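Peer 1:
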Amino acid sequence: MTDTATTVTAVLPLWLEIIVAVLVLAGAALALLGSIGLLRLPTFFERVHAPSIIATLGCWLIMHGTVLYFSVADSSLALHALLIAVFVAITVPIMSIFLMRAALFRARQAGRDVPPSLSQPKVDGGTEAKDS
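Counting with the numbering used here, you get residues 2 to 133 for the letters of the sequence shown.
#1: Check whether the Cβ atoms of residue 51 and residue 35 lie closer than 8 angstroms to each other.
#2: Check the C-beta distance from residue 31 over to residue 55 and give it rounded, since I have them as a contact under 8 angstroms.
#3: Distance, Cα to Cα, residue 62 vs residue 21?
#4: Measure how close the beta-carbons of residue 85 and residue 64 come, nearest whole angstrom, since I'm counting them as under 8 angstroms.
#5: Would you tell me roughly how many angstroms separate the C-alpha atoms of residue 73 and residue 87, rounded to the nearest one?
#6: Using three-state DSSP, classify residue 114 as helix, strand or coil.
#7: Just mark residue 111 as buried or exposed, buried being the case when its beta carbon has 16 or more other beta carbons within 10 Å.
#8: Pick helix, strand or coil for residue 53, following the three-state DSSP scheme.
#9: With the cut-off set at 8 angstroms, would you say residue 49 and residue 118 are in Cβ contact?
Here's what the structure looks like:
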């Protein structure tokens with residue numbers, strides 16, 4: 002006798018399939034929009050916002066669709082996708098901040114016209130302004 006793997010597909014109600022499809026497609030569309038923004042925006046500081054903000058929202062939409070689908074299909078709460086979304090929500094903004102700070106530092110070192118550092122005291126006519 003041979004063991005054959007049987008695949009069982011859950012039959013979900015149509016209204017649930019539509020909700021899951023809308024969530025996943027909206028998340029994918031937002032991820033695509035972030036990718037287009039990455040390609041089209043002119044400067045690094047503008048480019049870094051599109052994928053970081055929009056990809057995080059797209060990830061959350063896909064995560065909601067995944068949790069909804071697998072929770073109903075398995076008849077138990079499926080939170081495995083939540084861990085991925087939380088990790089993305091924590092790491093993406095932090096890495097964006099680090100990348101922007103590094104780019105600002107390099108731009109200041111190169112003498113480009115960028116906003117001044119807020120952590121350094123201002124120099125007005127040879128005297129340093131002190132924090133009070």
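We put the CB at the ideal spot given by N, CA and C, even for glycine. Note that the structure is predicted; figures quoted are calculated from it, not measured.
Peer 2: Here's the rundown:
#1: As a position in the sequence shown, residue 51 is number 50, starting the count at 1. As a position in the sequence shown, residue 35 is number 34, starting the count at 1. A contact, by the Cβ cut-off of 8 angstroms.
#2: On the sequence shown, residue 31 is found 30 positions in, with the first residue counted as 1. On the sequence shown, residue 55 is found 54 positions in, with the first residue counted as 1. Residue 31 to residue 55, Cβ: 5 angstroms. Contact.
#3: Start at 1 with the first residue of the sequence shown, and residue 62 comes out as number 61. Start at 1 with the first residue of the sequence shown, and residue 21 comes out as number 20. One C-alpha to the other measures close to 9 angstroms.
#4: Stepping through the sequence shown from its first residue, residue 85 is reached at position 84. Stepping through the sequence shown from its first residue, residue 64 is reached at position 63. Indeed they touch by this definition, with Cβ atoms about 7 angstroms apart.
#5: The count along the sequence shown starts at 1 and reaches residue 73 at position 72. The count along the sequence shown starts at 1 and reaches residue 87 at position 86. The straight-line gap from Cα to Cα measures roughly 21 angstroms.
#6: Here residue 114 is taken as the residue at index 113 of the sequence shown, counted from 1. Three-state result, residue 114: coil.
#7: As a position in the sequence shown, residue 111 is number 110, starting the count at 1. Residue 111 should be labelled exposed.
#8: In the sequence shown, the residue the question calls residue 53 occupies position 52. Three-state result, residue 53: helix.
#9: Translated into positions along the sequence shown, residue 49 becomes position 48. Translated into positions along the sequence shown, residue 118 becomes position 117. Not closer than 8 angstroms, so no.
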